[in-house]
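For what it's worth, our numbering labels the leading residue of the sequence shown as 25, then goes sequentially. Beta carbons: idealized from backbone N, C-alpha and C, even for Gly. Okay, so here's the structure we're looking at.
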Amino acid sequence: MADECLLDRAALTGLLGGPPVAPATNAVVTRTDGTRTRACFALADGVTVSVNVYTTNRGTPAGYVAGARHGSAVTGLPAGTSATVLDTVAGPTLQLATARYLVTVAVAGRTPSRDRWRAAAVAAVAAAPR
Numbered sequence: 025m026a027d028e029c030l031l032d033r034a035a036l037t038g039l040l041g042g043p044p045v046a047p048a049t050n051a052v053v054t055r056t057d058g059t060r061t062r063a064c065f066a067l068a069d070g071v072t073v074s075v076n077v078y079t080t081n082r083g084t085p086a087g088y089v090a091g092a093r094h095g096s097a098v099t100g101l102p103a104g105t106s107a108t109v110l111d112t113v114a115g116p117t118l119q120l121a122t123a124r125y126l127v128t129v130a131v132a133g134r135t136p137s138r139d140r141w142r143a144a145a146v147a148a149v150a151a152a153p154r
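Spelled out as structure tokens, the structure:
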């Protein structure tokens, strides 16, 4: 997906705990081995949000979310979607499944509330191509 910035300003502000210091932007990172990864980043005072959008080679996005161990399900989402919040080394991470995509939203520097995760998931579903 060319633009992984699926979250609107309100969803980003909720996850960041305050308004982003600049508009969210896609960035490419080149690793030391030459491989590249792309993500959308937003920053606030000491907090970072990153959004990645994937297609799955095996299984379905919903299968990945259902198979996540130790996650906490996010409820109240649009039909045909599912999500869980996982505790990761980088910080809490939302895994969201749409019919076509697996979306991850990682927050470093704070732990958003359940309502903030739900709002972010709903915003991402609304912005993701069908």
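{"query": "Beta-carbon separation of L126 and T105 under 8 Å?", "result": "no"}
{"query": "V129 and V73: beta carbons closer than 8 Å?", "result": "yes"}
{"query": "By the 10 Å Cβ neighbour count, where 16 or more other Cβ atoms means buried, how is G38 classified, buried or exposed?", "result": "buried"}
{"query": "Less than 6 Å between C-beta atoms, sequence neighbours within five positions excluded: which residues of the same chain meet that for V131?", "result": "L39, V73, G115 and P116"}
{"query": "Compare the C-beta of A148 against all C-beta atoms of chain C and say whether one is closer than 8 Å.", "result": "Judged by its chain identifiers, the structure shown contains no chain C, having just a single protein chain."}
{"query": "Taking the alpha-carbon positions, what's the T80 to D32 distance?", "result": "25 Å"}
{"query": "Let me check understanding here. Comparing Cα to Cα, which of A107, M25 and P102 lies closest to A51?", "result": "M25"}
{"query": "Quick test of the definition: if touching needs 3 or more C-beta pairs under 8 Å, does the region 139–146 touch the region 79–94?", "result": "no"}
{"query": "Going by C-alpha distance, which of S137, V45 and V109 is nearest G70?", "result": "V45"}
{"query": "Whole angstroms are fine: how far does the CA of V75 sit from the CA of V109?", "result": "14 Å"}
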